[in-house]
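In what follows, a single structure is set out as structure tokens and then discussed.
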Amino acid sequence: MKRIYNQTKLDNYIEKYSIEGFFGVDMKKYMELQVFDKGSHLVKTNEPMDYFYFFVEGKVKVYTVLKNGKSLLFRLYKPMIIIGDLEFIDCDTANSNIEAISECLCIGISMSNIRKYAVNDSTFLKCMCTSLGKKFISSSIASSINILYPLENRLASYLLAITPENTQNSTLDGGIITDKFTEMADLLGTSYRHLIRTINKLCHENIIKKEKNSIVILNINALEKLAGDLYE
1 MKRIYNQTKL DNYIEKYSIE GFFGVDMKKY MELQVFDKGS HLVKTNEPMD
51 YFYFFVEGKV KVYTVLKNGK SLLFRLYKPM IIIGDLEFID CDTANSNIEA
101 ISECLCIGIS MSNIRKYAVN DSTFLKCMCT SLGKKFISSS IASSINILYP
151 LENRLASYLL AITPENTQNS TLDGGIITDK FTEMADLLGT SYRHLIRTIN
201 KLCHENIIKK EKNSIVILNI NALEKLAGDL YE
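Position 133 of the sequence shown, counted from 1, bears residue number 133 in UniProt numbering, the numbering being contiguous throughout.
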């Protein structure tokens with residue numbers, strides 16, 4: 001994570017997402033703009049949550065690591081979402097992993113300042129209740145996806161979610177390489193073999209193709225039909 005010292009850019013994001021409207025007190029002076037490189041973590045499970053975030057640019061994936069060591073994907077998010085609402089209320093450490101799948105920007109406020117100045121702010125607390133309610137619904141839906149949807153639908157949604165914006169035919173240069181297919185299988189709640197069979201099926205249907213260490217989208221319309229918006 002790096003801090004960006006650009007007040008104009010910070011002000012633009014504050015205005016774009018009406019960030020000041022989340023508070024009944026003046027918190028703008030405590031806000032800072034932070035950038036996370038692709039592949040870095042905004043937060044990690046059981047690690048201290050030092051900042052409360054408004055996620056304003058990029059794409060992230062939210063996942064958990066199970067007791068058997070495997071990862072399981074919860075959701076893929078685009079702006080704007082709040083990161084740290086549960087931790088603000090319940091604990092000092094993160095309860096899930098959030099990884100940047102593109103360069104990401106967040107407006108951060110130190111958790112100490114949030115707890116010091118916003119803990120009795122009714123406007124802020126109402127926003128926290130709304131955010132947590134939406135995440136509860138989202139979590140309930142995500143829990144059913146692995147049971148109710150075939151892998152090809154989940155895979156299609158995942159590939160589209162990690163594809164750069166405004167891309168028609170794209171080599172997915174985002175960790176979708178052969179030595180990470182096992183990790184992707186875990187995230188999608190399936191076996192490595194089943195994932196490879198499904199990838200080969202989509203290749204046979206000329207929807208995608210494997211090219212060296214990457215996956216290339218050949219027919220984005222067909223992929224979108226399969227995907228729906230399962231993880232978004």
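Note that CB positions come from ideal geometry on N, CA and C, so glycine has one too.
Host alpha helix (DSSP H) of residue i (start-end)
| i | result |
| --- | --- |
| T163 | Note, T163: premise wrong, no alpha helix (DSSP H); not H, not E. |
| E183 | 181-187 |
| T64 | Per DSSP, T64 belongs to no alpha helix (DSSP H); it is in the beta strand (DSSP E), 60-65. |
| S102 | Taken as a continuous stretch (DSSP letters only), S102 belongs to no alpha helix (DSSP H), as it is neither H nor E. |
| K209 | Element bounds for K209: not the alpha helix (DSSP H) but the beta strand (DSSP E), 208-211. |
Separation of residue j from residue i, as counted between CA atoms
| i | j | result |
| --- | --- | --- |
| T178 | V119 | Because T178 carries a pLDDT of 45, less than 50, the predicted location of this residue cannot be relied on, and the following value inherits that uncertainty. Cα to Cα, T178 sits roughly 47 Å from V119. |
| M49 | R115 | 12 Å |
| I220 | S18 | 34 Å |
| residue 234 | T64 | This structure gives no information on residue 234, because the portion of the chain shown stretches from 1 to 232. |
| I82 | I107 | 10 Å |
| T123 | F22 | 6 Å |
| D173 | G189 | With a pLDDT of only 42 at D173, under 50, the local geometry of the prediction cannot be trusted, and the value read off the model is given with reservation. Taking the straight line joining both Cα atoms gives about 22 Å. |
| G228 | T163 | 15 Å |
| K180 | M128 | 36 Å |
| I208 | N200 | 9 Å |
The beta strand (DSSP E) enclosing residue i, as first and last residue numbers
| i | result |
| --- | --- |
| K225 | Taken as a continuous stretch (DSSP letters only), K225 belongs to no beta strand (DSSP E), being part of the alpha helix (DSSP H) at 220-227. |
| S71 | 71-77 |
Whole-number beta carbon distance between residue j and residue i, since they are thought to touch under 8 Å
| i | j | result |
| --- | --- | --- |
| C104 | E57 | 6 Å |
| H194 | L151 | 6 Å |
Contact check, residue i vs residue j, beta carbons under 8 Å
| i | j | result |
| --- | --- | --- |
| L42 | I98 | yes |
| Y77 | V62 | yes |
| F74 | S110 | no |
| residue 236 | G39 | Because the chain in this structure spans residues 1 to 232, residue 236 falls outside the shown range and cannot be described. |
| K2 | Q34 | yes |
| L132 | D85 | yes |
| R154 | I145 | yes |
Helix, strand or coil at residue i [DSSP, three-state]
| i | result |
| --- | --- |
| F36 | strand |
| N97 | strand |
| E87 | helix |
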